[in-house]
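K.L.:
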Amino acid sequence: MLRRVLSCVQNRASWPVVLGLLAAAGVLTFAMNGTDLPFSTPTIEDHSGGLRILDMQFSYGPEEANHLFEALGSEGRRSYLMLHLMPDLLFPISYALAFACTAAWFLVRLLPLDHPLQWLGLTPLIAGVADIGENLSIVVANLSYPSRLDWLTQTASVLTKIKWGLMPIGGVLLTIMLVLWLKNGKPKSNVWAGGR
5 MLRRVLSCVQ NRASWPVVLG LLAAAGVLTF AMNGTDLPFS TPTIEDHSGG LRILDMQFSY
65 GPEEANHLFE ALGSEGRRSY LMLHLMPDLL FPISYALAFA CTAAWFLVRL LPLDHPLQWL
125 GLTPLIAGVA DIGENLSIVV ANLSYPSRLD WLTQTASVLT KIKWGLMPIG GVLLTIMLVL
185 WLKNGKPKSN VWAGGR
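Per the numbering used here, residue 5 is the first one in the sequence shown, and the count goes up by one each step.
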């Protein structure tokens with residue numbers, strides 16, 4: 005199954021695809037963070053009295069989550085649900101696919117298709133899956149409030165750490181790939197030309 009996912013990403017990695025996905029991620033980022041829409045981070049943080057949402061913290065526990073849910077009140081918790089069920093479900097998909105396609109675009113030019121390092125191209129997908137898992141865990145914990153699901157909040161926190169931990173690693177890997185691609189004279193793709 006993972007081999008098929010890798011092959012699919014390798015075969016679809018093109019600049020129009022990457023740019024389209026980055027544009028979608030950019031629009032979603034703006035909607036979530038740069039507006040006063042009901043589900044935007046600034047609106048949610050206004051409801052909480054300035055407390056940061058869980059997604060934007062590197063680490064949190066059940067106490068912090070419960071404190072946030074309490075501070076948000078019912079309207080703020082509803083806005084937080086809207087964030088996770090609409091734009092913040094699409095955002096990880098768009099950024100994960102954009103960065104996976106970018107990594108695959110470089111890797112199929114730098115290495116043979118069967119080289120083990122081709123699997124690095126899936127690193128952004130792991131971050132995206134962790135982000136979606138984090139969001140869904142927060143949704144369930146939010147819906148359960150005032151009941152506490154401490155184990156689920158702890159799971160969400162682990163997924164948040166995975167998400168935030170893999171993002172800079174992916175950035176470093178993409179930078180290395182770009183430098184190697186330029187250093188090697190911009191090699192052509194190892195994928196059959198009809199797949200591009």
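Even glycine gets a Cβ: it sits at the ideal position worked out from N, Cα and C. Keep in mind that this is a model prediction, so the values were computed, not measured.
From LEU140 to TRP185, what does the alpha carbon distance come to, in whole angstroms?
P.N.:
Roughly 38 Å between the two C-alpha positions.
K.L.:
Is the segment 96 to 104 touching the segment 19 to 28, taking contact as three or more C-beta pairs under 8 Å?
P.N.:
With a cut-off of 8 Å, the segment 19 to 28 and the segment 96 to 104 count as touching, because enough Cβ pairs lie within range.
K.L.:
Considering Cα atoms alone, identify which of GLY38, TRP123, MET86 is closest to MET5.
P.N.:
When only C-alpha atoms are compared, the closest one is TRP123.
K.L.:
Ignore the nearest five residues each way along the sequence and tell me which others in TYR64's own chain have a CB closer than 6 Å to its CB.
P.N.:
Correct list, in chain order: LEU58, SER161.
K.L.:
Using a 10 Å radius around the Cβ and a threshold of 16 neighbouring Cβ atoms, would you call TRP109 buried or exposed?
P.N.:
The residue is buried, with at least 16 neighbouring Cβ atoms inside 10 Å.
K.L.:
Should ARG81 go down as buried or exposed, given a rule of 16 or more other Cβ atoms within 10 Å for buried?
P.N.:
Flag for ARG81 reads buried.
K.L.:
Can you give me the start and stop residues for the alpha helix (DSSP H) that GLN122 sits inside?
P.N.:
Counting along the chain, GLN122 falls outside any alpha helix (DSSP H), and DSSP gives it neither H nor E.
K.L.:
Select from ALA107, LEU93, LEU72 the residue whose C-alpha is nearest the C-alpha of ARG152.
P.N.:
Nearest of ALA107, LEU93, LEU72 to ARG152, Cα basis: LEU72.
K.L.:
With DSSP as the reference, label PHE62 as helix, strand or coil.
P.N.:
Coil.
K.L.:
Compute the distance between the beta-carbons of LYS167 and ALA134, then report whether it is under 8 Å.
P.N.:
Yes. Within cutoff.
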